[in-house]
Amino acid sequence: MATILLISANSDIAKACARCYAENGFDLVLTSRNLEETKTLAQDIQTRYQRQAESLFLDVQDLNSHKPFLDELVSRNQIAGCISFTGYLGDQTISQQDTQELIKITESNYLGVANLLEVIAAYFEARKEGFIVALTSVAGDRGRRSNYHYGAAKAALTAFLSGLRNRLAEHNVNVLTVKPGFMNTRMTSELDLPPLLTAQPDEVALAIYKAQQKQRHVIYVKGIWFFIMLIIKHIPESIFKKTNL
Amino acid sequence: MKQVAISGWGNFPKSDSQINRFGLSLDNSESFIPQGNLRSYGDSALAKNVVSMKQHDCFLGFDENTGILHCQSGVLLADIINHFSPRGWFPLIVPGTKFITVGGAIASDVHGKNHHHQGAFSESVIDFTLLNAENEKLRCSKDENSEWFKSTCGGMGLTGIILDARIQLQKIHSRHIKQKTIKTQNIDETFEQFEKYHNAPYSVAWLDCMAKGSHLGRSIITIGEHAHDGELRPKASLKLNLPFFFPSFLLNSLTLKIMNTFLYRKVLSKESEQLISYDKFFFPLDGIYNWNRGYGKNGFIQYQFVLPIEKSLEGMKAILEKIASSGEGSFLTVLKRFGKQNNNMLSFPKEGYTLAIDFKNTKKVRKLLNELDELVLKYDGRFYLAKDSRVTKEIFESGYEKIELFRKFRKDHQLDGKFSSLQSQRLSL
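Top line first, the protein sequences correspond to chains F and B.
Letter by letter, the first sequence follows residues 4 to 248 of the working numbering.
Letter by letter, the second sequence follows residues 8 to 436 of the working numbering.
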């Protein structure tokens, strides 16, 4: 059975997605820096769905490790697709003053993901098949004072994915850009989010699975976010700069 | 951090709580109660601070040879049934809903229709890992850390956080249950039939709580066993939902009488046999999402007690007479014969008969329940913490001979300052 590679699989969304793909018959390779969590998830997938699942260490910020990691993996296991859940919200107020935090936000949300996906893209390109899915964010659609370092890195990732899709289209490899909007997860558990705009992990997972199977290009998980961002993107700068979104 | 209004399944009482997800940072100075899927009826999983175990829901392994499942405590019985019944395995003990977590099942030491043979849920627990007040992870079983096992099973989350457990599943060969339905005229006959069918693996009775006089305690008893027809894949069934709270005046003594009579008369023959799905047999109410809204916004009280076997018949008669003449009640009244009691400090079941009856939450009902409490006490009965939201400390204590042992255990291990619920505060547990 086809194997899917899940990057940074130690989030709620990754867990829901892993279960969704396993339920639909896929085997999984789960990577993260926190092996204990991905190991538990791998056990869950094996027990719950009787599918293969293994957990491997991968640090997305360690750029030089990406190529050897993939070479080792594909030497023993063919990969049919890759989904990246990597994301780090960071702390905007800290990163405004602290270069290290700004580097961390940029590296984990953009540079690390881009470098890793290039390595994987080359593998799919050579095989003329495969798919790439990456979670970016509505925060990348327009910079706002509350998290524009995160937003800028995600905007970079969104542009990267668009270019990658363009490049891989002729090689039969689809790239799906996912902009989830608010999600009810560990990352947001301290925030008071409006229920109608907030997606549950299972909802996100199913949306990703369906969009990927239909070879779609860009999705907002809850359709309403398309309209919200359409409006936000079109607010004139003279007004937008005075808002506090 | 944000506060949310939460309540147990009975929608009463309510509590403004801060819900912390397990694994995230927690202010160490404040006490809290671990929470599963919040399906206990009263205030046992309510507190100012709650630690939710719902996302702690991974399966950790399954041994096909022994049927032992290892899972994290937030796994729902529904998950186990969904994934293992098509493979021929089913939990050894299930209560009336499958939407409870394994951790909750242990903490309430829940019972099912097979209690008279298999005992309470803890009988199916091989062992579990408990995180106590000193942040020690203890492996607990009947042999290892056995005092922790005995205080935690039925201990309502007051001894620590259950992290994971190994539980015994049973082999099944069918998605069906072979059910036999027996209609009885009154409480004497109901008891006779329960004793007559004591060998049946599963048994339970629905009871017409409005019937009086010579019909007092008339029932529909269902007994069942797993079928052997080899069909394991469950069929999709229609799910209903109560999308809003019903106005509570719809439940009055007239409608109750009509509904109860209808439910009793609906079963035509004295004895009949059916083949039904395990979902319908074990979890009939799970087919209607949010059925608890049927009692209106003020919620309801599920009143459940057990009387010792030697006083069961006399006691049930007295209690049912009082309920029937009050005109209060519902059409969800359940009678069940329990088997032997276990060694856990606060587990509810003991040898005798248990009655569970729903009342909508009104002033008049609460007065009636106070009177019923006295009767339960008179016949040496006890109350079920997983359902309770209202009994007094004195009334609760009188039913549990090991209550002081439990309190001492909590003190000795500094558990009382760390784990507390509205219920434990109310009853000084």
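Even for Gly, the Cβ is constructed at its ideal location relative to N, Cα and C.
Determine the DSSP secondary structure at S241 (chain F), reduced to helix, strand or coil. Numbered from its first residue, the first sequence carries residue 241 (chain F) at position 238. DSSP places S241 (chain F) in helix when its eight states are reduced to three.
Close beta carbons around F198 (chain B), own chain, < 7 Å, minus the five adjacent residues each side: Here residue 198 (chain B) corresponds to residue number 191 of the second sequence, with the count starting at 1. So the list reads L320, once near-sequence residues are dropped.
Given A85 (chain B), which residues of its chain have a CB within under 6 Å of its CB, disregarding the five upstream and five downstream residues? The residue you call residue 85 (chain B) lines up with position 78 of the second sequence. Cβ neighbours of A85 (chain B) beyond the five flanking positions: K105, F106.
CB of L38 (chain F) within 9 Å of CB of L9 (chain F), strictly: In the first sequence, residue 38 (chain F) corresponds to position 35, counting from 1. In the first sequence, residue 9 (chain F) corresponds to position 6, counting from 1. It is not a contact, given that the beta carbons lie outside the stated cut-off.
According to DSSP, residues forming a beta bridge with Q186 (chain B): Numbered from its first residue, the second sequence carries residue 186 (chain B) at position 179. Partner(s): B:G231, B:Q281.
Touching or not, the stretch 15–34 of chain B and the stretch 313–327 of chain B, by the rule of three or more beta carbon pairs under 8 Å? At 8 Å Cβ cutoff, the stretches do not touch.
So, are the CB atoms of I326 (chain B) and L382 (chain B) less than 9 Å apart? As a working note, residue 326 (chain B) is residue 319 in the second sequence. As a working note, residue 382 (chain B) is residue 375 in the second sequence. Result yes, Cβ atoms of I326 (chain B) and L382 (chain B) sit closer than 9 Å.
In the DSSP assignment, what residue or residues form a beta bridge with S210 (chain B)? Here residue 210 (chain B) refers to the residue found at position 203 of the second sequence. Beta-bridge pairing links S210 (chain B) to B:I230.
Could you tell me which uninterrupted beta strand (DSSP E) segments, each at least 3 residues in length, are contained entirely in the stretch 306–349 of chain B, listed from first to last along the chain? 307–315, 340–345, all fully within the stretch 306–349 of chain B.
Quick one: what does DSSP say L67 (chain B) is sitting in, helix, strand or coil? Locating residue 67 (chain B) in the second sequence gives position 60, counting from the first residue. Assignment of L67 (chain B) by DSSP, reduced to helix, strand and coil, places it in the strand class.
Proximal residues, the stretch 36–49 of chain F versus chain B, C-beta separation under 7 Å: Answer in chain order: T43, L44, Q46, D47.
Thinking G81 (chain B) and A114 (chain B) are a contact (beta carbons under 8 Å), I'd like their distance in whole angstroms, please. Counting from 1 along the second sequence, the entry for residue 81 (chain B) is found at position 74. Counting from 1 along the second sequence, the entry for residue 114 (chain B) is found at position 107. Contact between G81 (chain B) and A114 (chain B) does not hold, since the beta-carbon distance rounds to 12 Å and is not under 8 Å.
Any beta carbon of chain B sitting closer than 9 Å to that of Y15 (chain F)? Mapped onto the first sequence, residue 15 (chain F) falls at position 12. Note that residue 15 (chain F) is Asp in the sequence shown, not Tyr. For D15 (chain F), a Cβ of chain B is located within less than 9 Å of the residue's own Cβ.
Delimiting residues of the alpha helix (DSSP H) encompassing K385 (chain B): Locating residue 385 (chain B) in the second sequence gives position 378, counting from the first residue. Unbroken alpha helix (DSSP H) run through K385 (chain B): 370–385.
With a floor of 3 residues, list each beta strand (DSSP E) that falls wholly inside the stretch 128–202 of chain B, ordered by position along the chain. Within the stretch 128–202 of chain B, the complete beta strand (DSSP E) segments at least 3 residues long are 132–138, 144–147, 168–178, 183–190, listed from N- to C-terminus.
What's the gap between the Cα of E110 (chain F) and the Cα of V116 (chain F)? Residue mapping note: residue 110 (chain F) aligns to position 107 of the first sequence, counting from 1. Residue mapping note: residue 116 (chain F) aligns to position 113 of the first sequence, counting from 1. One C-alpha to the other measures close to 8 Å.
Does the beta carbon of Y24 (chain F) sit closer than 9 Å to a beta carbon anywhere in chain B? Within the first sequence, the letter at position 21 stands for residue 24 (chain F). Output row for Y24 (chain F): interface = no.
Work out the CA separation of I227 (chain B) and Y271 (chain B) for me, nearest whole Å. By one-based count along the second sequence, residue 271 (chain B) stands at place 264. By one-based count along the second sequence, residue 227 (chain B) stands at place 220. Per the coordinates, the alpha-carbon of Y271 (chain B) lies some 7 Å from the alpha-carbon of I227 (chain B).
If we count Cβ pairs, one from each stretch, closer than 8 Å, do we get three or more for the stretch 272–291 of chain B versus the stretch 178–196 of chain B? Yes, the stretch 272–291 of chain B is in contact with the stretch 178–196 of chain B.
Counting only runs of 3+ residues fully inside the stretch 79–133 of chain F, write out the beta strand (DSSP E) ranges in chain order. Correct list: 84–87.
Residue range of the unbroken beta strand (DSSP E) whose run includes N56 (chain B): Here residue 56 (chain B) corresponds to residue number 49 of the second sequence, with the count starting at 1. Here the beta strand (DSSP E) through N56 (chain B) covers 56–59.
DSSP three-state call for I40 (chain B): helix, strand or coil? In the second sequence, residue 40 (chain B) corresponds to position 33, counting from 1. Here I40 (chain B) sits in strand by DSSP.
In the stretch 165–211 of chain F, which residue ranges form an unbroken beta strand (DSSP E) of at least 3 residues, counting only runs that do not cross its ends? Runs found: 177–182.
CB-CB under 7 Å to K157 (chain F), same chain, minus the five flanking residues each way: which ones, in chain order? Sequence index remark: in the first sequence, residue 157 (chain F) carries index 154 (1-based). Spatial neighbours of K157 (chain F) in its own chain (CB-CB distance under 7 Å, excluding positions within 5 residues in sequence) are listed in chain order as N112, T139, S140, A142, G143.
Could you have a look at N248 (chain B) and say whether DSSP puts it in helix, strand or coil? On the second sequence, residue 248 (chain B) is found 241 positions in, with the first residue counted as 1. N248 (chain B): strand per DSSP, three-state reduction.
Please state the DSSP three-state secondary structure of R240 (chain B). Taking the second sequence and counting its residues from 1, the one referred to as residue 240 (chain B) is at position 233. In the structure shown, R240 (chain B) sits in coil (DSSP, three-state: anything other than H, G, I, E or B).
Which of the three DSSP states is assigned to V109 (chain B) in this structure? Within the second sequence, the letter at position 102 stands for residue 109 (chain B). Here V109 (chain B) sits in helix by DSSP.
What residues from the stretch 195–227 of chain F come within 8 Å of chain B, judged by C-beta to C-beta, listed N to C? Result list: D195.
Look up T139 (chain F) in the DSSP assignment and say whether it is helix, strand or coil. Here residue 139 (chain F) corresponds to residue number 136 of the first sequence, with the count starting at 1. Coil, per DSSP.
Which residue wins for smallest C-alpha separation from H180 (chain B), given the options B:S284, B:K120, B:R46? Locating residue 180 (chain B) in the second sequence gives position 173, where the first residue counts as 1. Ranking the options by Cα distance to H180 (chain B), first place goes to B:S284.
Contacts that R130 (chain F) makes with chain B (C-beta to C-beta distance below 8 Å): The residue given as residue 130 (chain F) occupies position 127 in the first sequence. Within 8 Å Cβ-Cβ: nothing; R130 (chain F) doesn't reach chain B, min ~33 Å.
Where the beta strand (DSSP E) containing L53 (chain B) begins and where it ends: Within the second sequence, numbered from 1, the residue matching residue 53 (chain B) stands at position 46. Where L53 (chain B) is concerned, there is no enclosing beta strand (DSSP E), given that its DSSP letter is neither H nor E.
Would you say N27 (chain B) touches the ligand GDP, meaning its beta carbon is less than 8 Å from a heavy atom? You won't find the ligand GDP in this model; it holds no ligand whatsoever.
Can you look up W16 (chain B) in the DSSP assignment and give me helix, strand or coil? As a position in the second sequence, residue 16 (chain B) is number 9, starting the count at 1. Assignment of W16 (chain B) by DSSP, reduced to helix, strand and coil, places it in the coil class.
Sub-9 Å separation of A214 (chain F) and G84 (chain F) beta-carbons: Here residue 214 (chain F) is taken as the residue at index 211 of the first sequence, counted from 1. Here residue 84 (chain F) is taken as the residue at index 81 of the first sequence, counted from 1. Their beta carbons are not under 9 Å apart, which means A214 (chain F) does not touch G84 (chain F) by this criterion.
Please determine if the stretch 402–412 of chain B and the stretch 125–144 of chain B are in contact, where contact requires at least 3 C-beta pairs separated by less than 8 Å. Segments in contact, no.
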